[in-house]
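J.: My structure is below; once you've seen it, I'll send some questions.
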Amino acid sequence: MRKWASFPIKEGDVSRQAHADFPEQAIYEREIGRSGFFGPATHFHHTHAPTGWSDWQGPLRPHLFNFNEIGRDKAQSPWAVPDLLFNSHCKMRTWRLTDSMSKLARNADGDELLFIHEGSAELYCDYGHLSVRDGDYIVIPRSTMWRLVPNEPMFILLIEATNDSYQLPEKGLVGNHAIFDPAMLDTPKINDDFKAQYSEDSWQVEVKRHGQVSVITYPYNPLDAIGWHGDLAVMRINWRDIRPLMSHRYHLPPSAHTTFVAQRFVVCTFVPRPIESDPGALKVPFYHNNDDYDEVLFYHAGDFFSRDNIEKGMVTFHPAGFTHGPHPKAFAAGREYKKKFTDEVAVMLDTRDALEMGEAALATENPEYVNSWKTKPQV
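Following UniProt numbering, the numbering of the sequence shown begins with 1 at its first residue and continues without gaps.
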(Lines of atoms letter the chains of each structure in order from A and count residues from 1; the text may use other names and numbers.)
(Lines give C-alpha, C1' and ligand atoms only; values in the text may rest on other atoms or scores of the structure.)
Protein backbone atom coordinates (compact mmCIF):
# COMPACT_ATOMS: atom_id res chain seq x y z
CA MET A 1 0.00 0.00 0.00
CA ARG A 2 1.36 3.43 -0.96
CA LYS A 3 2.34 5.64 1.95
CA TRP A 4 2.52 9.42 1.82
CA ALA A 5 5.54 11.30 3.16
CA SER A 6 4.85 12.08 6.82
CA PHE A 7 7.04 15.18 7.04
CA PRO A 8 7.29 18.34 4.93
CA ILE A 9 9.97 18.37 2.24
CA LYS A 10 11.44 21.77 1.36
CA GLU A 11 12.98 22.97 -1.87
CA GLY A 12 14.00 26.49 -2.86
CA ASP A 13 12.86 29.72 -1.24
CA VAL A 14 9.83 28.94 0.90
CA SER A 15 7.81 30.21 3.83
CA ARG A 16 7.96 28.24 7.07
CA GLN A 17 4.20 28.61 7.65
CA ALA A 18 1.53 27.97 5.00
CA HIS A 19 -0.57 31.04 4.08
CA ALA A 20 1.80 33.47 5.82
CA ASP A 21 5.14 35.27 5.49
CA PHE A 22 5.76 34.60 1.81
CA PRO A 23 9.21 35.02 0.24
CA GLU A 24 9.69 38.61 -0.94
CA GLN A 25 10.04 37.78 -4.62
CA ALA A 26 6.94 35.52 -4.71
CA ILE A 27 3.65 37.05 -3.58
CA TYR A 28 1.50 34.16 -4.82
CA GLU A 29 0.98 30.89 -2.96
CA ARG A 30 -0.72 27.80 -4.43
CA GLU A 31 -1.86 24.82 -2.41
CA ILE A 32 -2.11 21.43 -4.07
CA GLY A 33 -3.77 18.94 -1.75
CA ARG A 34 -5.67 15.69 -1.49
CA SER A 35 -8.90 14.68 0.28
CA GLY A 36 -10.24 18.22 0.26
CA PHE A 37 -8.24 20.14 2.84
CA PHE A 38 -7.66 17.15 5.12
CA GLY A 39 -4.98 15.18 3.25
CA PRO A 40 -1.32 15.70 2.35
CA ALA A 41 -0.57 19.02 0.68
CA THR A 42 2.24 21.04 -0.84
CA HIS A 43 2.49 24.83 -1.07
CA PHE A 44 4.17 26.43 -4.07
CA HIS A 45 5.37 30.03 -4.23
CA HIS A 46 4.98 31.69 -7.62
CA THR A 47 5.97 34.95 -9.22
CA HIS A 48 2.78 35.00 -11.32
CA ALA A 49 -0.84 34.44 -10.34
CA PRO A 50 -1.70 30.72 -10.71
CA THR A 51 -4.99 31.77 -12.33
CA GLY A 52 -3.47 34.25 -14.76
CA TRP A 53 -4.35 32.33 -17.91
CA SER A 54 -4.59 34.17 -21.23
CA ASP A 55 -6.86 31.65 -22.96
CA TRP A 56 -8.98 28.62 -22.09
CA GLN A 57 -10.18 25.88 -24.43
CA GLY A 58 -12.12 22.75 -23.50
CA PRO A 59 -14.94 21.79 -21.10
CA LEU A 60 -12.99 21.93 -17.80
CA ARG A 61 -13.54 25.55 -16.81
CA PRO A 62 -15.07 27.57 -13.96
CA HIS A 63 -18.79 28.26 -14.30
CA LEU A 64 -21.02 31.09 -13.08
CA PHE A 65 -24.79 30.59 -12.95
CA ASN A 66 -27.52 33.05 -12.02
CA PHE A 67 -30.04 30.95 -10.14
CA ASN A 68 -32.30 34.01 -9.93
CA GLU A 69 -33.13 33.26 -13.56
CA ILE A 70 -34.18 29.61 -13.19
CA GLY A 71 -37.63 29.84 -14.73
CA ARG A 72 -38.72 26.29 -13.97
CA ASP A 73 -38.32 26.42 -10.18
CA LYS A 74 -41.75 27.92 -9.49
CA ALA A 75 -43.93 25.03 -8.37
CA GLN A 76 -46.26 23.80 -5.65
CA SER A 77 -44.11 20.72 -5.10
CA PRO A 78 -40.36 20.48 -4.43
CA TRP A 79 -40.34 17.40 -6.68
CA ALA A 80 -41.51 19.43 -9.69
CA VAL A 81 -38.36 21.58 -9.98
CA PRO A 82 -35.34 20.55 -12.09
CA ASP A 83 -32.00 19.26 -10.86
CA LEU A 84 -29.39 22.00 -11.40
CA LEU A 85 -26.15 20.37 -10.20
CA PHE A 86 -26.16 16.70 -9.35
CA ASN A 87 -24.42 13.35 -9.10
CA SER A 88 -25.42 9.96 -7.70
CA HIS A 89 -24.91 11.18 -4.11
CA CYS A 90 -26.46 14.65 -4.04
CA LYS A 91 -28.77 16.97 -5.94
CA MET A 92 -28.95 20.78 -5.83
CA ARG A 93 -32.18 22.53 -6.80
CA THR A 94 -33.84 25.89 -6.28
CA TRP A 95 -37.52 26.25 -5.46
CA ARG A 96 -39.75 29.32 -5.51
CA LEU A 97 -42.93 28.94 -3.48
CA THR A 98 -45.60 31.61 -3.09
CA ASP A 99 -48.71 29.68 -2.01
CA SER A 100 -49.30 27.07 0.66
CA MET A 101 -48.42 23.53 -0.37
CA SER A 102 -51.66 21.69 -1.12
CA LYS A 103 -49.99 18.27 -0.66
CA LEU A 104 -47.45 16.89 1.77
CA ALA A 105 -43.95 16.10 0.49
CA ARG A 106 -41.92 13.01 1.39
CA ASN A 107 -38.44 12.22 0.09
CA ALA A 108 -37.76 8.49 0.19
CA ASP A 109 -34.47 8.94 -1.70
CA GLY A 110 -32.52 10.61 1.10
CA ASP A 111 -32.29 13.46 3.60
CA GLU A 112 -33.26 16.91 2.35
CA LEU A 113 -31.52 20.14 3.37
CA LEU A 114 -33.49 23.35 2.85
CA PHE A 115 -31.67 26.69 2.96
CA ILE A 116 -34.12 29.60 3.07
CA HIS A 117 -32.57 32.20 0.79
CA GLU A 118 -35.59 34.52 0.85
CA GLY A 119 -38.93 34.62 2.64
CA SER A 120 -40.47 33.01 5.71
CA ALA A 121 -43.02 30.28 6.35
CA GLU A 122 -44.66 27.91 8.78
CA LEU A 123 -43.33 24.35 8.49
CA TYR A 124 -45.61 21.47 9.44
CA CYS A 125 -44.12 17.98 9.55
CA ASP A 126 -44.30 14.63 11.33
CA TYR A 127 -42.51 16.19 14.31
CA GLY A 128 -44.70 19.26 14.72
CA HIS A 129 -44.65 22.94 13.78
CA LEU A 130 -41.66 25.25 13.21
CA SER A 131 -41.53 28.86 12.01
CA VAL A 132 -38.72 29.37 9.49
CA ARG A 133 -37.11 32.50 8.05
CA ASP A 134 -34.38 33.65 5.68
CA GLY A 135 -30.98 32.21 6.53
CA ASP A 136 -32.39 29.04 8.10
CA TYR A 137 -30.99 25.60 7.33
CA ILE A 138 -33.63 22.91 7.83
CA VAL A 139 -32.53 19.26 7.85
CA ILE A 140 -35.44 16.97 6.96
CA PRO A 141 -34.69 13.29 7.59
CA ARG A 142 -35.48 10.78 4.87
CA SER A 143 -39.18 9.91 4.48
CA THR A 144 -40.40 12.71 6.77
CA MET A 145 -43.76 14.14 5.68
CA TRP A 146 -43.82 17.94 5.55
CA ARG A 147 -45.35 21.03 4.00
CA LEU A 148 -44.73 24.78 3.99
CA VAL A 149 -47.21 27.61 4.41
CA PRO A 150 -45.40 30.76 3.21
CA ASN A 151 -45.88 34.08 4.98
CA GLU A 152 -44.24 35.75 1.97
CA PRO A 153 -42.73 34.56 -1.34
CA MET A 154 -39.93 32.09 -0.78
CA PHE A 155 -36.68 31.30 -2.60
CA ILE A 156 -35.26 28.03 -1.25
CA LEU A 157 -32.04 26.16 -2.00
CA LEU A 158 -32.49 22.38 -1.78
CA ILE A 159 -29.59 19.93 -1.34
CA GLU A 160 -30.52 16.26 -1.25
CA ALA A 161 -28.24 13.69 0.37
CA THR A 162 -29.24 10.85 -1.94
CA ASN A 163 -29.38 7.51 -0.13
CA ASP A 164 -27.59 9.17 2.77
CA SER A 165 -28.10 11.26 5.91
CA TYR A 166 -26.79 14.56 7.25
CA GLN A 167 -24.54 14.61 10.31
CA LEU A 168 -22.68 17.30 12.22
CA PRO A 169 -18.92 17.52 11.58
CA GLU A 170 -16.28 16.32 14.01
CA LYS A 171 -14.90 19.43 15.72
CA GLY A 172 -11.72 17.92 17.08
CA LEU A 173 -9.44 20.16 19.14
CA VAL A 174 -11.89 23.09 19.31
CA GLY A 175 -14.53 21.02 21.10
CA ASN A 176 -18.15 20.16 20.54
CA HIS A 177 -19.49 23.64 21.26
CA ALA A 178 -17.38 25.50 18.68
CA ILE A 179 -18.89 27.01 15.53
CA PHE A 180 -22.32 26.43 17.01
CA ASP A 181 -23.43 24.67 20.16
CA PRO A 182 -25.65 21.66 19.36
CA ALA A 183 -28.09 23.22 21.83
CA MET A 184 -28.67 25.88 19.15
CA LEU A 185 -30.42 23.29 16.97
CA ASP A 186 -34.18 23.86 17.04
CA THR A 187 -36.76 21.11 16.54
CA PRO A 188 -40.47 21.31 15.72
CA LYS A 189 -43.02 21.56 18.50
CA ILE A 190 -46.41 19.94 18.94
CA ASN A 191 -47.95 23.27 19.85
CA ASP A 192 -51.31 24.95 19.32
CA ASP A 193 -50.44 25.79 15.70
CA PHE A 194 -49.72 22.13 14.99
CA LYS A 195 -52.85 20.89 16.76
CA ALA A 196 -54.95 23.40 14.81
CA GLN A 197 -54.12 21.61 11.56
CA TYR A 198 -55.40 18.21 12.72
CA SER A 199 -58.11 17.33 10.21
CA GLU A 200 -60.45 14.57 9.07
CA ASP A 201 -60.35 16.01 5.55
CA SER A 202 -58.65 14.10 2.75
CA TRP A 203 -54.92 14.78 2.27
CA GLN A 204 -52.40 13.58 -0.29
CA VAL A 205 -48.68 12.88 0.08
CA GLU A 206 -46.25 13.12 -2.86
CA VAL A 207 -43.53 10.55 -2.24
CA LYS A 208 -40.32 10.75 -4.30
CA ARG A 209 -38.41 7.49 -4.73
CA HIS A 210 -35.80 6.78 -7.41
CA GLY A 211 -36.67 10.19 -8.86
CA GLN A 212 -40.28 9.16 -9.48
CA VAL A 213 -43.28 10.55 -7.61
CA SER A 214 -46.12 8.46 -6.17
CA VAL A 215 -49.24 10.01 -4.62
CA ILE A 216 -50.77 8.49 -1.49
CA THR A 217 -54.24 9.64 -0.42
CA TYR A 218 -55.41 9.58 3.20
CA PRO A 219 -58.98 10.28 4.39
CA TYR A 220 -57.44 12.48 7.11
CA ASN A 221 -54.35 14.65 7.68
CA PRO A 222 -51.52 12.19 8.48
CA LEU A 223 -49.69 14.93 10.42
CA ASP A 224 -51.58 13.90 13.55
CA ALA A 225 -48.82 13.04 16.06
CA ILE A 226 -49.59 13.89 19.68
CA GLY A 227 -46.00 13.32 20.84
CA TRP A 228 -42.65 11.78 19.95
CA HIS A 229 -39.29 10.90 21.52
CA GLY A 230 -35.97 9.83 20.05
CA ASP A 231 -32.74 11.16 18.54
CA LEU A 232 -33.94 11.57 14.95
CA ALA A 233 -35.81 14.74 14.06
CA VAL A 234 -36.13 17.73 11.79
CA MET A 235 -33.48 20.27 12.87
CA ARG A 236 -32.95 23.97 12.20
CA ILE A 237 -29.95 26.30 12.51
CA ASN A 238 -29.66 29.83 11.12
CA TRP A 239 -26.40 31.22 9.75
CA ARG A 240 -26.75 34.04 12.28
CA ASP A 241 -26.22 31.42 15.01
CA ILE A 242 -22.86 30.33 13.57
CA ARG A 243 -19.72 31.63 15.30
CA PRO A 244 -16.94 31.00 12.78
CA LEU A 245 -13.51 29.71 13.65
CA MET A 246 -10.92 32.47 13.27
CA SER A 247 -7.19 33.08 13.52
CA HIS A 248 -5.73 36.57 13.33
CA ARG A 249 -2.42 35.10 12.12
CA TYR A 250 -3.51 32.39 9.67
CA HIS A 251 -6.16 32.10 6.94
CA LEU A 252 -8.16 28.98 7.79
CA PRO A 253 -9.19 26.60 4.99
CA PRO A 254 -12.84 26.26 3.92
CA SER A 255 -13.07 22.96 5.82
CA ALA A 256 -12.99 24.99 9.07
CA HIS A 257 -16.44 26.31 8.13
CA THR A 258 -18.13 22.92 7.68
CA THR A 259 -21.76 22.89 8.84
CA PHE A 260 -23.08 19.48 7.72
CA VAL A 261 -21.42 16.33 6.39
CA ALA A 262 -22.61 13.36 4.37
CA GLN A 263 -20.55 10.39 3.20
CA ARG A 264 -19.57 11.87 -0.19
CA PHE A 265 -19.95 15.63 0.27
CA VAL A 266 -19.91 18.45 2.81
CA VAL A 267 -21.89 21.68 3.22
CA CYS A 268 -20.00 24.70 4.57
CA THR A 269 -21.20 28.16 5.56
CA PHE A 270 -19.19 31.35 5.17
CA VAL A 271 -20.43 34.09 7.50
CA PRO A 272 -19.11 37.57 8.41
CA ARG A 273 -15.86 37.54 10.40
CA PRO A 274 -12.82 39.73 11.07
CA ILE A 275 -10.07 39.50 8.48
CA GLU A 276 -6.63 38.34 9.62
CA SER A 277 -4.70 41.21 11.21
CA ASP A 278 -1.16 39.82 11.25
CA PRO A 279 0.92 41.72 8.64
CA GLY A 280 2.33 38.49 7.21
CA ALA A 281 -0.92 36.53 7.04
CA LEU A 282 -2.83 35.91 3.82
CA LYS A 283 -6.13 37.78 3.97
CA VAL A 284 -8.06 36.29 1.06
CA PRO A 285 -8.78 32.66 0.09
CA PHE A 286 -5.57 31.04 -1.08
CA TYR A 287 -5.06 29.69 -4.59
CA HIS A 288 -5.64 25.96 -4.51
CA ASN A 289 -6.23 22.91 -6.65
CA ASN A 290 -8.40 20.70 -4.41
CA ASP A 291 -8.16 18.02 -7.09
CA ASP A 292 -10.41 15.50 -5.34
CA TYR A 293 -13.53 17.68 -4.90
CA ASP A 294 -15.86 19.78 -7.02
CA GLU A 295 -16.63 23.12 -5.35
CA VAL A 296 -19.93 25.00 -5.54
CA LEU A 297 -20.73 28.32 -3.86
CA PHE A 298 -24.26 29.72 -3.53
CA TYR A 299 -24.09 33.43 -2.69
CA HIS A 300 -26.75 34.42 -0.17
CA ALA A 301 -26.02 37.94 1.08
CA GLY A 302 -23.40 40.63 1.62
CA ASP A 303 -20.26 41.75 -0.18
CA PHE A 304 -18.59 38.73 -1.79
CA PHE A 305 -15.05 39.95 -1.37
CA SER A 306 -13.20 37.12 -3.15
CA ARG A 307 -15.31 37.38 -6.32
CA ASP A 308 -16.01 40.31 -8.65
CA ASN A 309 -19.46 41.16 -10.07
CA ILE A 310 -21.26 38.54 -7.98
CA GLU A 311 -24.77 39.12 -6.64
CA LYS A 312 -26.94 37.15 -4.25
CA GLY A 313 -28.62 34.15 -5.83
CA MET A 314 -25.66 33.49 -8.12
CA VAL A 315 -23.65 30.28 -8.04
CA THR A 316 -20.04 29.51 -8.95
CA PHE A 317 -18.97 25.99 -9.84
CA HIS A 318 -15.28 25.07 -9.96
CA PRO A 319 -14.80 21.44 -11.03
CA ALA A 320 -11.83 19.55 -9.64
CA GLY A 321 -8.75 19.63 -11.84
CA PHE A 322 -7.50 23.21 -12.09
CA THR A 323 -6.18 25.94 -9.84
CA HIS A 324 -8.65 28.57 -8.67
CA GLY A 325 -8.75 31.33 -6.10
CA PRO A 326 -9.57 35.01 -5.60
CA HIS A 327 -10.16 37.37 -8.47
CA PRO A 328 -7.26 39.78 -9.20
CA LYS A 329 -9.10 42.76 -7.71
CA ALA A 330 -9.84 40.88 -4.47
CA PHE A 331 -6.27 39.64 -4.19
CA ALA A 332 -4.91 43.18 -4.63
CA ALA A 333 -7.32 44.55 -2.01
CA GLY A 334 -6.24 41.86 0.45
CA ARG A 335 -2.56 42.68 0.01
CA GLU A 336 -3.21 46.38 0.61
CA TYR A 337 -5.04 45.58 3.87
CA LYS A 338 -8.03 47.74 2.93
CA LYS A 339 -10.62 45.31 4.25
CA LYS A 340 -10.89 44.60 7.97
CA PHE A 341 -14.07 42.51 8.04
CA THR A 342 -15.84 40.17 5.64
CA ASP A 343 -19.52 40.79 5.01
CA GLU A 344 -20.43 37.74 2.96
CA VAL A 345 -22.83 34.88 3.60
CA ALA A 346 -22.49 31.92 1.27
CA VAL A 347 -23.31 28.21 1.21
CA MET A 348 -20.59 25.90 -0.14
CA LEU A 349 -21.15 22.39 -1.46
CA ASP A 350 -17.98 20.27 -1.86
CA THR A 351 -18.54 16.92 -3.56
CA ARG A 352 -16.16 13.97 -3.77
CA ASP A 353 -17.79 12.87 -7.03
CA ALA A 354 -18.02 14.95 -10.19
CA LEU A 355 -21.16 17.03 -10.57
CA GLU A 356 -23.23 17.21 -13.73
CA MET A 357 -24.92 20.43 -14.85
CA GLY A 358 -28.62 20.41 -15.66
CA GLU A 359 -30.09 22.20 -18.67
CA ALA A 360 -31.93 24.67 -16.44
CA ALA A 361 -28.64 25.71 -14.82
CA LEU A 362 -26.76 25.93 -18.12
CA ALA A 363 -29.44 28.25 -19.47
CA THR A 364 -28.38 30.85 -16.85
CA GLU A 365 -24.60 30.51 -17.31
CA ASN A 366 -22.35 33.50 -17.94
CA PRO A 367 -19.77 32.12 -20.43
CA GLU A 368 -17.40 35.05 -19.77
CA TYR A 369 -16.77 33.98 -16.17
CA VAL A 370 -13.65 32.03 -17.16
CA ASN A 371 -12.15 35.27 -18.50
CA SER A 372 -12.55 37.14 -15.20
CA TRP A 373 -9.09 35.90 -14.13
CA LYS A 374 -7.59 36.43 -17.58
CA THR A 375 -4.16 38.06 -17.80
CA LYS A 376 -4.44 41.49 -19.38
CA PRO A 377 -2.09 41.99 -22.34
CA GLN A 378 0.93 44.18 -21.69
CA VAL A 379 0.68 47.62 -23.29
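Where is the CB? At the ideal position from N, CA and C, for every residue including glycine.
1) Here's the rule: buried if 16 or more other CB atoms are within 10 angstroms of the residue's CB, otherwise exposed. What is His210?
2) Restricting to runs no shorter than 3 residues, where is the beta strand (DSSP E) found entirely within the stretch 121-145?
3) Taking the runs of the alpha helix (DSSP H) that are 4 residues or longer, which of them lie wholly in the stretch 14-67?
4) Pull up the distance between the alpha-carbon of Val284 and that of Asp350, whole angstroms please.
5) Is the separation between the beta-carbon of Ala360 and that of Pro82 shorter than 7 Å?
6) If you draw a straight line from the C-alpha of Trp68 to the C-alpha of Phe180, how long is it?
7) Hey, Val139 and Val234 are a contact pair by Cβ (cut 8 Å); roughly how many whole angstroms apart?
8) Under 8 Å: do the stretch 234-254 and the stretch 308-327 share three or more Cβ pairs, one atom per stretch?
9) Suppose the cutoff is 8 Å on Cβ atoms and the five residues either side in sequence are ignored; what does the same chain contact list for Cys125 look like?
10) Considering only the beta carbon of each residue, do Leu362 and Asn87 sit closer than 7 Å?
11) Does the Cβ of Asp13 have 16 or more other Cβ atoms within 10 Å, making it buried, or fewer, making it exposed?
12) If you draw a straight line from the alpha carbon of Asp73 to that of Met314, how long is it in whole angstroms?
13) For Glu11 and Thr42, I'd like the C-alpha separation in whole angstroms.
14) Contact between the stretch 101-117 and the stretch 160-169 is defined here as three or more beta-carbon pairs at a separation below 8 Å; is this criterion met?
15) By alpha-carbon positions, which one of Ser15, Phe22 and Arg30 ends up nearest to Pro253?
16) Expressed to the nearest angstrom, what Euclidean distance is found between the alpha-carbon atoms of Val379 and Gly52?
17) Hey, Arg133 and Ser165 are a contact pair by Cβ (cut 8 Å); roughly how many whole angstroms apart?
18) Closest by CA to Ser214, which one among Ser102, Ala108, Thr47 and Lys374?
19) Does the distance from the CB of Glu118 to the CB of Phe155 come in under 7 Å?
20) Express the C-alpha separation of Gln263 and Asn371 in angstroms, rounding to a whole number.
21) Would you tell me roughly how many angstroms separate the C-alpha atoms of Val207 and Thr217, rounded to the nearest one?
22) Let me know the secondary structure DSSP gives His324 once reduced to three states.
23) Looking only at C-alpha atoms, which of Pro59, Leu64 and Pro8 sits nearest to Gly39?
24) List the endpoints of the continuous beta strand (DSSP E) containing residue 381.
25) What is the rounded straight-line gap between the Cα of Val347 and the Cα of Asp192?
26) Within 10 Å of its beta-carbon, does Pro326 have 16 or more other beta-carbons around it, so buried, or fewer, so exposed?
27) Along the chain, where does the alpha helix (DSSP H) containing Glu11 start, and where does it finish?
28) Can you tell me whether Trp228 is buried or exposed? The criterion is at least 16 other CB atoms within 10 Å of its CB, across all chains shown.
29) Assign Lys91 to buried or exposed, taking buried as 16 or more other Cβ atoms, counted over all protein chains shown, within 10 Å of its Cβ.
30) Distance check for Ile32 and Ile237, CA to CA, integer angstroms please.
31) Just to confirm the assignment: which complete alpha helix (DSSP H) runs, minimum length 4, are found wholly within the stretch 232-282?
32) Please state if the CB of Phe65 and the CB of Glu365 are separated by a distance shorter than 7 Å.
33) When DSSP labels each residue in this structure, what does Ser214 get in the three-state scheme?
34) For a quick check, are the C-beta atoms of Phe270 and Val296 less than 7 Å apart?
35) Under three-state DSSP, which class holds Pro169?
T.: Put simply:
1) For the purposes of this step, residue 210 is taken as residue 210 along the sequence shown, with counting starting at 1. His210 is exposed by the Cβ-count criterion.
2) 121-125, 128-132 and 136-140
3) none
4) Along the sequence shown, one-based indexing puts residue 284 at 284. Along the sequence shown, one-based indexing puts residue 350 at 350. Roughly 19 Å between the two C-alpha positions.
5) As a working mapping, residue 360 is identified with position 360 in the sequence shown. As a working mapping, residue 82 is identified with position 82 in the sequence shown. Their beta carbons are under 7 Å apart, which means Ala360 touches Pro82 by this criterion.
6) On the sequence shown, position 68 is the one that residue 68 refers to. On the sequence shown, position 180 is the one that residue 180 refers to. Here residue 68 is Asn; the residue named in the question, Trp, does not match the sequence. C-alpha separation (whole angstroms): 30 Å.
7) If you number the sequence shown from 1, residue 139 lands on position 139. If you number the sequence shown from 1, residue 234 lands on position 234. Sure, about 7 Å apart at Cβ, within 8 Å.
8) no
9) Taking the sequence shown and counting its residues from 1, one reaches residue 125 at position 125. Excluding positions up to five away in sequence, the list reads Ile140, Thr144, Met145, Trp146, Arg147, Pro188, Leu223 and Val234.
10) As a first step, residue 362 must be located in the sequence shown, where it is residue number 362. As a first step, residue 87 must be located in the sequence shown, where it is residue number 87. Cβ distance not < 7 Å, so Leu362 and Asn87 don't count as in contact.
11) Locating residue 13 in the sequence shown gives position 13, where the first residue counts as 1. Classification for Asp13: exposed.
12) Start at 1 with the first residue of the sequence shown, and residue 73 comes out as number 73. Start at 1 with the first residue of the sequence shown, and residue 314 comes out as number 314. Taking the straight line from one Cα to the other gives about 15 Å.
13) The sequence position of residue 11 within the sequence shown is 11, counting from 1. The sequence position of residue 42 within the sequence shown is 42, counting from 1. Cα-Cα distance, rounded: 11 Å.
14) yes
15) In the sequence shown, counting from the first residue as 1, residue 253 sits at position 253. Of Ser15, Phe22 and Arg30, the residue nearest in Cα terms is Arg30.
16) Position 379 of the sequence shown holds residue 379. Position 52 of the sequence shown holds residue 52. Below a pLDDT of 50, predicted positions are generally treated as unreliable, and Val379, at 45, falls in that range; the measurement from the model is reported next regardless. Roughly 16 Å separates the two Cα atoms.
17) Position 133 of the sequence shown, counted from the first residue, corresponds to residue 133. Position 165 of the sequence shown, counted from the first residue, corresponds to residue 165. Going by Cβ atoms, the distance from Arg133 to Ser165 rounds to 25 Å, so no, they are not a contact pair.
18) Here residue 214 corresponds to residue number 214 of the sequence shown, with the count starting at 1. Comparing Cα positions, the closest option is Ala108.
19) Stepping through the sequence shown from its first residue, residue 118 is reached at position 118. Stepping through the sequence shown from its first residue, residue 155 is reached at position 155. The answer is yes: Cβ separation under 7 Å.
20) By 1-based counting over the sequence shown, the position of residue 371 is 371. By 1-based counting over the sequence shown, the position of residue 263 is 263. Rounded to whole angstroms, Asn371 to Gln263 spans 34 Å at the Cα level.
21) Start at 1 with the first residue of the sequence shown, and residue 207 comes out as number 207. Start at 1 with the first residue of the sequence shown, and residue 217 comes out as number 217. For Val207 and Thr217, the distance between alpha carbons rounds to 11 Å.
22) Position 324 of the sequence shown, counted from the first residue, corresponds to residue 324. Strand, per DSSP.
23) Within the sequence shown, the letter at position 39 stands for residue 39. Of Pro59, Leu64 and Pro8, the residue nearest in Cα terms is Pro8.
24) This structure cannot speak to residue 381, because the chain is shown only from 1 to 379.
25) Here residue 347 is taken as the residue at index 347 of the sequence shown, counted from 1. Here residue 192 is taken as the residue at index 192 of the sequence shown, counted from 1. Answer to the nearest angstrom: the Cα atoms are 34 Å apart.
26) Indexing the sequence shown from 1 puts residue 326 at position 326. By the 10 Å Cβ count, Pro326 comes out buried.
27) Here residue 11 corresponds to residue number 11 of the sequence shown, with the count starting at 1. From DSSP, Glu11 is part of no alpha helix (DSSP H); its letter is neither H nor E.
28) Numbered from its first residue, the sequence shown carries residue 228 at position 228. Counting Cβ neighbours within 10 Å, Trp228 comes out exposed, since fewer than 16 surround it.
29) Within the sequence shown, the letter at position 91 stands for residue 91. Per the 10 Å Cβ criterion, buried.
30) The residue you call residue 237 lines up with position 237 of the sequence shown. The residue you call residue 32 lines up with position 32 of the sequence shown. When rounded, the distance between both Cα atoms is 33 Å.
31) none
32) Reading the sequence shown from its first residue, position 365 is the one you call residue 365. Reading the sequence shown from its first residue, position 65 is the one you call residue 65. A contact, by the Cβ cut-off of 7 Å.
33) Walking along the sequence shown from the start, residue 214 turns up at place 214. Strand.
34) Within the sequence shown, the letter at position 270 stands for residue 270. Within the sequence shown, the letter at position 296 stands for residue 296. No; because the gap between Cβ atoms is not below 7 Å, this pair is not in contact.
35) Walking along the sequence shown from the start, residue 169 turns up at place 169. The answer is coil: DSSP assigns Pro169 none of H, G, I, E or B.
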